[in-house]
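Student:
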Amino acid sequence: MTSDQTASIIYLVLLGAVVGGYFFLANRRNLGRTLRQGGLWVLIFIGVIVGYGLWGDLRETVIPRQAVFADQGRIEVPIARDGHYHMTLDINGAMVRFVVDTGASDIVLTQDDARRAGIELDGLPFMGIANTANGEVRTARVRLDSVSLGAITDRGVPALVNGGEMTGSLLGMAYLNRFSEVSFGGGKMVLTR
């Protein structure tokens, strides 16, 4: 802990003691009621902190995700708060979350997602070059045994593994073109086979 952090903590403790002392002295006649109200505010404060800490988990539960209508061969994907479409596909038995990128030609896996899908990275020849918004990156071409989206399964799907750093895997046009229709509107993307 730095000296600035220590000084800040001491300042906050002293400030809290002064404010708490003032309320104690000002309300000493109604001390029981003051303590109940103070306890209520402490619980509210803790609830806000817990709610903020759990928001990521709650958001995944509350916000709708992709819906697969297998009997109709249709998938609906709502637009996310970040303005992108996110899809989760089963790649070789591993669930992988993708960002739909109509500017990408291929399926592009991060190294972590490729490992989870059972792809050995040690022997991959990163000989390809891809031009991205962040410059050129090395890629390795692979073939995915299975790519499943609900009941829709494709086999032997070509993909790339990115040799550089990526925040998430990309689902490009090579996969989207496997659908007979891809439409955007009303805050959702609809894929039809």
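Anchor point for the sequence shown: position 79 equals 241 in this note's numbering, and the numbering is continuous, going up by one each time.
Backbone N, C-alpha and C define an ideal beta-carbon position, used for all residues, glycine too.
Being a predicted model, the structure only gives us computed values, none of them experimental.
Considering just the uninterrupted stretch of the alpha helix (DSSP H) at residue 172, what are its terminal residues?
Tutor: 165-188
Student: Using the C-alpha atoms, what's the distance from residue 205 back to residue 238?
Tutor: Each residue's alpha carbon lies about 41 angstroms from the other.
Student: Which one or two residues does DSSP pair with residue 244 in a beta bridge?
Tutor: Beta-bridge pairing links residue 244 to no other residue.
Student: Identify every residue that forms a DSSP beta bridge with residue 320.
Tutor: Bridge partners of residue 320: 305.
Student: If contacts are defined as beta-carbon pairs under 8 angstroms, then residue 276 and residue 287 qualify, I think. What distance do you get, rounded to the angstrom?
Tutor: Their Cβ separation, rounded to whole angstroms, is 14 angstroms, which puts residue 276 and residue 287 out of contact at 8 angstroms.
Student: Here's a check: name, in chain order, each residue in its chain whose Cβ is nearer than 8 angstroms to the Cβ of residue 264, leaving out the five neighbours to either side.
Tutor: 334, 335, 338
Student: DSSP state of residue 292, grouped into three classes?
Tutor: strand
Student: Spell out the partners DSSP gives residue 300 in its beta bridges.
Tutor: For residue 300, which the question treats as bridged, DSSP gives the partners 291.
Student: What is the DSSP secondary structure of residue 196, counted as helix, strand or coil?
Tutor: helix
Student: In the structure shown, what three-state DSSP assignment does residue 260 receive?
Tutor: DSSP places residue 260 in strand when its eight states are reduced to three.
Student: By Cβ distance below 8 angstroms, which residues in the same chain neighbour residue 322 in space, the five residues on each side in sequence not counted?
Tutor: These residues qualify, in order along the chain: 268, 269, 270, 271, 290, 292, 301, 302, 303, 304.
Student: Count the other CB atoms, across all protein chains shown, that sit within 10 Å of the CB of residue 163; report buried if there are 16 or more and exposed otherwise.
Tutor: exposed
Student: Taking the CB atoms as reference points, tell me whether residue 251 and residue 197 lie closer together than 8 angstroms.
Tutor: no
Student: Using only the alpha-carbon positions, how far apart do residue 236 and residue 249 sit?
Tutor: 14 angstroms
Student: Report the option in 253, 170, 246, 191 whose CA atom is closest to the CA atom of residue 350.
Tutor: In terms of CA proximity to residue 350, 246 leads the group 253, 170, 246, 191.
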